[in-house]
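Student:
Number of protein chains: 2
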Amino acid sequence: MSNSDEGQGATIYEVAQRAGVSIATVSRALRNTGPVAAGTREKVLRAVEELSFTPSRLGVSLAQGRHAANGIVFPDLSGPYFAEVLLGYEEVAAELGRSVLILSTRGRAAVQDLVRDLVGRVDGMVIFGRTVEDALVDEIVRSRTPLVLLARDPVERADAVSSENTASAEALATHLLGHGYTTFALAGDDDRGDVTQRWTGVRRVLSGHGIRPPAPLPCELTVEGGYAAGRTLLGGNPGGKPAGGRRPEAVICADDQVALGVILAAEELGLDVPGDVAITGWDDIMAARHARPALTTVRQPMRLLGARAARALDELIKGTRTVPNSEILPTQLIVRSSCGSHPLEEK
Amino acid sequence: MSNSDEGQGATIYEVAQRAGVSIATVSRALRNTGPVAAGTREKVLRAVEELSFTPSRLGVSLAQGRHAANGIVFPDLSGPYFAEVLLGYEEVAAELGRSVLILSTRGRAAVQDLVRDLVGRVDGMVIFGRTVEDALVDEIVRSRTPLVLLARDPVERADAVSSENTASAEALATHLLGHGYTTFALAGDDDRGDVTQRWTGVRRVLSGHGIRPPAPLPCELTVEGGYAAGRTLLGGNPGGKPAGGRRPEAVICADDQVALGVILAAEELGLDVPGDVAITGWDDIMAARHARPALTTVRQPMRLLGARAARALDELIKGTRTVPNSEILPTQLIVRSSCGSHPLEEK
DNA sequence: TCATTCACTGTAAGCGCTTCCACCCTCTGT
DNA sequence: ACAGAGGGTGGAAGCGCTTACAGTGAATGA
């Protein structure tokens, strides 16, 4: 720490000159690749210290032909779901010595270009659901960029990690049937693959019990979207009547945020939850536990999802594994009070 | 789209060869820098198309001496606060043509090295609160890397963006006094600069009313941390009695997550909120509105915080502005029911 | 004592791009 | 008809690093 103003960073040449050696030796000394005499190493390290030298990442990457970074594309960062996944992803990536570049697509005009740019900056990518259109996904796969698809049905020659949807949806629907409900509504459908799977599970159970499954009411997967959907489904729309003419006994929501919005709408319409209408979510975000009433939902392992994606990507990048792999993580039905009263309520 | 297997991406040399021109011309044609005959441009573009050429980001960056990317360091991505800020940040950064690299420090061993690595990958950095120790911040400043500090007291020669804390804390405390409370507890103190400012505001008001301000009970700024703090403050600790010997009438929490935790603890201890104890948060995260009871809190413009930081950083990087700047965004007291009953309750 | 070996070190060729500079060749103005 | 002005282009020098490859000298074994 001799120089308090190091300016814009020294290069390996200056270090070499100061240490009286060649740049090759400096590189070797720093990366422990190839032999370096103890004395020489000493001199190099001192010069490095004195100049507070840090190798230029750009130079290193260009020479090595790798970025030591990977990217992730998601629709939105608002709401806990994606944040949690990102958390798990970043954690593992860091552990594996990779930086993380993020790209959120919501409301973005030139998604294609942004994604292409991102691809050029990383060794591998994770893409969430249907944020990127199929043609581009295909282009990425063909460019041999390691790719992991998250929460989406697999694609040829790319990995996929997602959490179980259909079976847990069946469990959820079965539970609701156990409450005796016979009229249902589905809120939220964003063309997201995982949501579609959930509806499939629900439909299957309802059909199996002779109930004609309702068409999902599309809405944005946010509290606001859920609120709007809630007004429509529960009768607050201009017509004063619910869509189907009759108010459903239970509203199954695509995720927790939608459910929270529907609860707000119900409250505003003077309906009691779950007395007048049962409401369920999906994800088990923090607010689900703290909501009034607490939300019955399906917990998915959000962090783990990100973590697994990061590991899968690492294998692909390192070439440890070359055959594509598809992983499905288990979920868990969490019964709280929003779906109706229970003798012993889970907290 | 002639070739369905492009392999690992063509270089500018191959494009040049195919177009029958020099790489200099290809570069000029692509970046519109310098004159290129119409016919030539045509040939180049065709070759680019045929090879589906994308300039290597590494090459471009190395030649231009810029990354077109910036970084952000935050303690944790769990919880809505940081996610929201990140959202605003990434949005503006993308708009300005910069990628975003993220680094979360919680539970990370070699933070220093990770941060240094990050610095080497970007044109500028945003650092949250006290995630990075002062010496390193100083080192970054000296290295002339554009730097914006978020939610933290300014440092010489670096920008700072934060939201107002002290005055709104005074408003909050004043409001609570208006309810007639005389005994208070403060929950949460993570050495975060912004929290300290909040306590300062609260203390000032309490002192001004002849109330001896309590020492904050340190706890992690999470729901779990808040729960633990709540048990201690409200009497659920092994001793069976609150810390001060007497249960406080109001618990002012460092943020909403802590408040939610304290509410859980209160509930578990059979206490009514706000009947037996009033509780307030800070941030106005989504769950605050949906909690039972709904949380009185101070809303801070989380997205805007990120957005402003991104813009400030951009000015610094572009050199549009060279003098450091410090910006403080306004906050707003949101009164809901957790602090006591009100004639007309805000929703 | 001499041919080998081997620990060290330097030279230089990339990695893929941008951009200064020089060059050539049409157009102008006179 | 001729100097001068540009438009259009290629050559080549970087940007900062890694890493064959080719030395150098000292130590080894016979």
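Protein chains in written order, with our numbering: chain A, 1 to 347; chain B, 1001 to 1347.
Don't be surprised by glycine CBs; every beta carbon is placed ideally from N, CA and C.
My guess is that A:S337 and A:P248 are in contact by the Cβ rule of under 8 Å, so how many angstroms apart are they, rounded?
Tutor: Incorrect: roughly 18 Å between the Cβ atoms, too far for contact.
Student: Is A:H290 close to chain B, meaning its C-beta is less than 7 Å from at least one C-beta of that chain?
Tutor: yes
Student: Can you check which of these residues, B:P1154, B:D1138 and B:G1079, is closest to A:I285 by C-alpha distance?
Tutor: B:G1079
Student: Give the residues of chain B in contact with A:A312, contact being defined as C-beta atoms less than 9 Å apart.
Tutor: Per Cβ cutoff of 9 Å: no residues; A:A312 is ~20 Å from chain B at best.
Student: Given a cut-off of 7 Å on the beta-carbon distance, is the pair A:V92 and A:A250 in contact?
Tutor: no
Student: By DSSP, does A:D123 sit in helix, in strand, or in coil?
Tutor: Look at A:D123 here: in three-state DSSP terms it is coil, with no helix or strand label.
Student: Please report the Cβ distance between B:L1305 and B:V1085, rounded to the nearest whole angstrom; I am assuming they are in contact, meaning their Cβ atoms lie under 8 Å.
Tutor: 5 Å
Student: Where do the ends of the beta strand (DSSP E) carrying A:R299 lie?
Tutor: T297 to R299
Student: My assumption, with CB atoms under 8 Å, is that A:R46 sits in contact with A:V36. Please give the rounded CB distance.
Tutor: Wrong, their Cβ atoms sit about 14 Å apart, outside the cutoff.
Student: Under 7 Å between the Cβ atoms of B:P1054 and B:P1075?
Tutor: Inspection of the sequence shows that residue 1054 of chain B is occupied by Thr rather than by Pro. No.
Student: Whose Cβ in chain A lies nearer than 7 Å to the Cβ of B:T1054?
Tutor: R116 and G120
Student: Can you find a C-beta in chain A that's less than 7 Å from the C-beta of B:L1086?
Tutor: With 7 Å as the cut-off, B:L1086 counts as an interface residue toward chain A.
Student: Is there contact between the segment 1251-1264 of chain B and the segment 1179-1199 of chain B, where contact requires at least three CB pairs shorter than 8 Å?
Tutor: yes
Student: Along chain A, which residues have their Cβ under 7 Å away from the Cβ of B:P1080?
Tutor: Correct list: P80.
Student: At a Cβ threshold of 7 Å, is B:G1239 touching chain A?
Tutor: Residue placement at B:G1239 cannot be trusted, given a pLDDT of 44 that sits under 50; what the coordinates show is reported in the next sentence. Not one chain A Cβ lies under 7 Å of B:G1239.
Student: With distances taken Cα to Cα, identify the nearest neighbour of A:E90 among B:S1099, B:E1095, B:V1060 and B:R1108.
Tutor: Considering only alpha carbons, the answer is B:R1108.
Student: By the criterion of Cβ-Cβ separation under 9 Å, what are the contact partners of A:M433 in chain B?
Tutor: Chain A is shown from 1 up to 347; residue 433 of chain A falls before or after that span and cannot be answered.
Student: Can you list, in chain order, the residues of its chain whose CB lies under 7 Å from that of B:N1237, leaving out five sequence neighbours each side?
Tutor: Annotation note: pLDDT 49 at B:N1237 (below 50); position unreliable, coordinate value reported separately. So the list reads R1231, once near-sequence residues are dropped.
Student: Please list, in chain order, the chain B residues whose beta carbon lies closer than 7 Å to that of A:R57.
Tutor: G1120 and R1121
Student: Which residues in chain A have a C-beta closer than 8 Å to the C-beta of B:G1009? List them in chain order.
Tutor: S143
Student: If you run the structure through DSSP and keep just helix, strand and coil, what is B:G1239?
Tutor: Only weak support exists for where B:G1239 lies, its pLDDT of 44 falling under 50; the coordinates are left without a value.
Student: Looking at the C-beta of A:L150, does it have a partner C-beta in chain B at a distance below 7 Å?
Tutor: No, no contact with chain B.
Student: Since B:T1280 and B:C1219 are thought to touch, with beta carbons under 8 Å apart, how far apart are those beta carbons, to the nearest angstrom?
Tutor: B:T1280 to B:C1219, Cβ: 15 Å. No contact.
Student: Per DSSP, A:Q332 is paired with what?
Tutor: A:R299
Student: My understanding is that A:L234 touches A:A265, with C-beta atoms under 8 Å, so please give their C-beta distance in whole angstroms.
Tutor: Their Cβ separation, rounded to whole angstroms, is 6 Å, which keeps A:L234 and A:A265 in contact under 8 Å.
Student: Give me the chain A residues within the contact set of B:I1279, using Cβ-Cβ distance strictly less than 9 Å, ordered along the chain.
Tutor: Under the 9 Å cutoff, chain A gives no residues; its nearest Cβ is about 12 Å from B:I1279.
Student: Does A:S83 have its Cβ less than 7 Å from a Cβ in chain B?
Tutor: According to the sequence shown, residue 83 of chain A is Ala rather than Ser. Chain B, which has a Cβ nearer than 7 Å to the Cβ of A:A83, makes this yes.
Student: Using the beta-carbon of each residue, which ones in chain B are nearer than 9 Å to A:S99?
Tutor: G1071, L1101, I1102, L1103, L1114, D1117, L1118 and R1121
Student: So, are the CB atoms of A:D159 and A:A312 less than 7 Å apart?
Tutor: In this structure, A:A312 lies closer than 7 Å to A:D159 by Cβ.
Student: Buried or exposed: which applies to B:A1215, given that a residue is buried once 16 or more other Cβ atoms fall within 10 Å of its Cβ?
Tutor: exposed
Student: From A:H175, A:G180, A:D191 and A:T166, pick the residue whose C-alpha is nearest to that of A:Q197; which is it?
Tutor: A:T166
Student: Tell whether a beta-carbon distance below 7 Å holds between A:E164 and A:P330.
Tutor: yes
Student: I'd like the list of long-range same chain contacts for B:N1325, defined as Cβ closer than 6 Å, with 5 residues on each side in sequence excluded.
Tutor: Only D1159 meet the Cβ criterion.
Student: At the 7 Å Cβ level, is A:E90 part of the contact set with chain B, yes or no?
Tutor: Taking Cβ atoms only, chain B reaches closer than 7 Å to A:E90, which makes this a yes.
Student: For B:E1040, which of helix, strand or coil comes out of DSSP?
Tutor: One detail in the question is off: residue 1040 of chain B reads as Thr in this sequence, not Glu. Helix.
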